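Add 2 to a position in the sequence shown, counting from 1, and you land on the number used in my numbering.
Worksheet for the structure shown next.
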Amino acid sequence: MPHCIIEYTSELEAALDIKGLVNMSFAGIEETGLFDSTAIKVRATKVEYYKSGLDRDDFIHLTVKILPGRTDEQKLLITNNVLEKIAPIVGNTKCTSVEVVDLHGPSYNKQIK
């Protein structure tokens, strides 16, 4: 834990270094010191279909899912660190956002082989 899911609009794929975006997102989370680096997982998903009221609606949105128990200050540290790390990569993207979401601890389950 955490799981970081990056969503980006399809027209950004050619203009962005997606692998770099994944790596810098990982670094932004890792550098908070809140998590064991072996537990951090980051993945990127291209969004083909979307609609926004903005005149230009390209975006990158990161959702960082964590188990409950972190303070608001720690969550803010995560979002600020990630935004700072990915800033050089996102270029002129219209909207870049990061949110931290608490998973439901009692129902979260995993199996590692």
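No residue lacks a Cβ here, since even glycine has one placed at the ideal position from N, Cα and C.
Treat the numbers as computed from the prediction; the structure is a model and nothing was measured.
Residue environment, residue 51, which counts as buried when at least 16 other CB atoms sit within 10 Å: exposed
Span of the alpha helix (DSSP H), counted from its first residue to its last, around residue 1: Coverage of the chain is limited to positions 3 through 115, which leaves residue 1 absent and any answer about it impossible.
For residue 21, the first and last residue of its enclosing alpha helix (DSSP H): 20-32
Alpha-carbon spacing of residue 32 relative to residue 98, whole angstroms: 20 Å
Member of 35, 48, 30, 75 whose CA lies at the smallest distance from the CA of residue 13: 48
The region 90-104 touching the region 35-48, judged by at least three CB pairs closer than 8 Å: no
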